[in-house]
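In the working numbering, the protein residues as written are 2 to 266. Read through the structure below, which is laid out as structure tokens, and then see the notes.
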């Protein structure tokens, strides 16, 4: 793994930043393909929508990491908070801020928010999978020591090495990226069957929350606990519960997408 791919003069091209942006681009391209096949013309919004949500996600991911995970460091290094190229982005904060931006965008452009969210949910999780490659190359979001002779040994320049040295660590970020691909497949498959508007997106939230909750037991980049759980686990519990309740309410009182009705008639 290489944190720096090459230099342009003294300016480093970091693998983290490149792959992070590739994750956003991958999500946007996938969303464009899905919405164009859907046939309602929403694909013309994808570039602006991706830019809007991507920027909001970067701000949210950074602030979430700073205040929930690394405040012990950043409260003494406030000027470094904007240095996103160093790594330190919390995916949950990115999703929350991105979701708020997405809701604002769909309302402003008179797009059916739930139907649109269902369409792009697979694209979001695929983008997350690519984004985890950035964490691997940067040596963050790493696992704790495996206690054996198996696992990932990170280079000396990474935070993982500075934290645990040359001990083999659980490949937490690698497994998360792989599980994201499986969630992507499940969402595409579920979308093929009749469902109420919003349920695909709720399923995405539930599956990712469950995935993240259990993988946090392997993470070793932070260890602070609240009620016996890490902050990301508490967030996952809240997100899963909220998405599950909304999923049930949609099944009870929600509406089927008009396009689905036409296709099934």
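Positions of the beta carbon are idealized from the N, C-alpha and C atoms, including for glycine.
Look at the alpha carbon of residue 74 and the alpha carbon of residue 95, and state the distance between them as a whole number of angstroms.
So the two alpha carbons sit approximately 20 Å from each other.
Starting from the C-beta of residue 256, find all residues in its chain whose C-beta is less than 7 Å away, skip the five residues before and the five after it, and write them out in chain order.
Once the five neighbours on either side are set aside, the close Cβ partners of residue 256 are 197, 198.
Tell me the DSSP secondary structure of residue 41 in three-state form.
DSSP places residue 41 in coil when its eight states are reduced to three.
Determine, using beta-carbon pairs with one atom in the stretch 53-72 and one in the stretch 91-106, whether at least three such pairs fall under 8 Å.
With the cut-off at 8 Å, the stretch 53-72 and the stretch 91-106 touch.
With DSSP collapsed to three states, give me the class of residue 227.
Residue state, collapsed to three classes: strand.
Which residues does DSSP pair with residue 256 in a beta bridge?
The partner list for residue 256 (beta bridge, DSSP) is empty, contrary to what the question assumes.
Name the DSSP bridge partner or partners of residue 144?
Partner(s): 220.
Got a sec? Which residues, its chain only, sit under 6 Å from residue 237 by beta carbon, not counting five neighbours each side?
Taken in chain order, the residues that qualify are 210, 213, 214.
Quick check on residue 205: buried or exposed, where buried means 16 or more other Cβ atoms within 10 Å of its Cβ?
Buried: at least 16 other Cβ atoms inside 10 Å.
Going by C-alpha distance, which of 102, 148, 29, 156 is nearest residue 1?
Absent from the model: residue 1. The displayed extent of the chain is 2 to 266, so no value can be given.
Excluding sequence positions up to five away, which residues of its chain have a Cβ less than 6 Å from the Cβ of residue 203?
Once the five neighbours on either side are set aside, the close Cβ partners of residue 203 are 244, 247, 248.
Using DSSP's beta-bridge definition, name the partner residues of residue 13.
Residue 13 pairs with 8.
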